[in-house]
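In UniProt numbering, the protein residues as written are 1 to 299.
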């Protein structure tokens, strides 16, 4: 190229007008020689140097003493960066919030399932749940995973044992919501101090108009539904949850289908009590054939 570039430029002069041949075209004469002397391009790349010189040039306030202005501004900038590393309450140049940042509101409610701390990102819509079986499964999953409702579950379980019910687990899942609501209502009418607004809202049935999202952030991790991930390069629809199977605690793996928000409002005013559920398709782990199974349960 070093030998051929002069001939190439002479041929170009026969085609293009003189205004075409500026300093950038003439630079092609020197590039082969620089490549031989310099080697790889990263060792002679001037863009980082030019950007840094532009930053230092902006430090100048006294044009009569540019070196002193740059030195003072550089020291002040280093001091600010050093001090900002010890300030976590607000965003600075050296400390910025991570991309998948959430929030925690566990202390705002007396019931742990209401303090989920989920940050929704996209895909909001309201839908009415017409299927009563699916709605009952959602309510039972919330109650069964609520720490404040465990003692009431044991009370109802003991009551079923006294009645000699053959299948306690099935009746517990089917009838506990009604029993729990009536029991809390009775204690509330008696002005019991055991009942607060959070527990009363949990006992009342949630609104059948549920909110559905396509993406959310939980504990610094981003989750997306399968439909949303179908058009994305990065996949965030995989989930894992611990569960019991054959008297053993194993890990269940699956894909996220829906992100559902249940609103627990004991009155007409929206008091912000909600529970977030993940509707998933889990993989069948038992047997020789590994396949995807729609178990209709909420994770």
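From the three backbone atoms N, C-alpha and C, an ideal C-beta is built for every residue, glycine too.
Using the Cα positions of residue i and residue j, report the straight-line distance between them to the nearest angstrom.
i, j, result
"residue 245", "residue 193", "39 Å"
"residue 3", "residue 18", "23 Å"
"residue 242", "residue 44", "55 Å"
"residue 239", "residue 97", "25 Å"
"residue 204", "residue 273", "12 Å"
"residue 71", "residue 22", "38 Å"
"residue 231", "residue 213", "16 Å"
"residue 41", "residue 31", "11 Å"
"residue 169", "residue 160", "10 Å"
"residue 149", "residue 117", "20 Å"
"residue 85", "residue 75", "16 Å"
"residue 58", "residue 68", "13 Å"
"residue 52", "residue 26", "27 Å"
"residue 62", "residue 73", "11 Å"
"residue 265", "residue 202", "9 Å"
"residue 251", "residue 162", "35 Å"
"residue 55", "residue 77", "12 Å"
"residue 263", "residue 90", "32 Å"
"residue 277", "residue 87", "36 Å"
"residue 186", "residue 222", "42 Å"
"residue 80", "residue 66", "21 Å"
"residue 60", "residue 24", "30 Å"
According to DSSP, simplified to helix, strand and coil, what is residue i?
i, result
"residue 29", "helix"
"residue 19", "helix"
"residue 4", "coil"
"residue 177", "helix"
"residue 255", "strand"
"residue 62", "coil"
"residue 235", "coil"
"residue 219", "coil"
"residue 209", "strand"
"residue 79", "helix"
"residue 261", "strand"
"residue 68", "helix"
"residue 268", "In this predicted model, residue 268 has a pLDDT of only 49, less than 50, meaning its place in the structure is not dependable enough to derive any value."
"residue 283", "strand"
"residue 197", "helix"
"residue 240", "strand"
"residue 84", "helix"
"residue 142", "helix"
"residue 119", "strand"
"residue 226", "helix"
Is it right to say residue i is buried, meaning 16 or more other beta carbons lie within 10 angstroms of its own, or is it exposed?
i, result
"residue 132", "exposed"
"residue 139", "buried"
"residue 12", "exposed"
"residue 198", "buried"
"residue 206", "buried"
"residue 304", "Absent from the structure is residue 304, since the part of the chain shown begins at 1 and ends at 299."
"residue 47", "exposed"
"residue 247", "exposed"
Report all residues from its chain with a CB closer than 6 Å to the CB of residue i; omit the five preceding and five following residues, and keep chain order.
i, result
"residue 224", "215, 236, 237"
"residue 37", "none"
"residue 1", "32"
"residue 152", "180"
"residue 259", "213, 216"
"residue 275", "113, 142, 262"
In its own chain, which residues sit with a C-beta less than 7 Å from the C-beta of residue i, not counting the 5 before and 5 after it?
i, result
"residue 280", "239, 254, 255, 256, 257, 299"
"residue 129", "135, 208, 210"
"residue 228", "123, 214, 215"
"residue 268", "The predicted model places residue 268 with a pLDDT of 49, which falls under 50 and marks its position as unreliable, so this point remains unresolved."
"residue 5", "28, 29, 32"
"residue 184", "195, 199, 200, 203"
"residue 108", "115"
Report all residues from its chain with a CB closer than 8 Å to the CB of residue i; omit the five preceding and five following residues, and keep chain order.
i, result
"residue 171", "160, 165"
"residue 234", "none"
Verify the contact flag: residue i, CB atom, against every heavy atom of the ligand GDP, threshold strictly below 7 Å.
i, result
"residue 203", "As presented, the structure is devoid of all ligands, the ligand GDP included, so that no description of it is given."
For the stretch 117-125 against the stretch 193-203, are there 3 or more C-beta pairs whose distance is under 8 Å? With the cut-off at 8 Å, the stretch 117-125 and the stretch 193-203 do not touch.
Is there contact here, the stretch 172-181 with the stretch 143-162, by at least three beta-carbon pairs under 8 Å? yes
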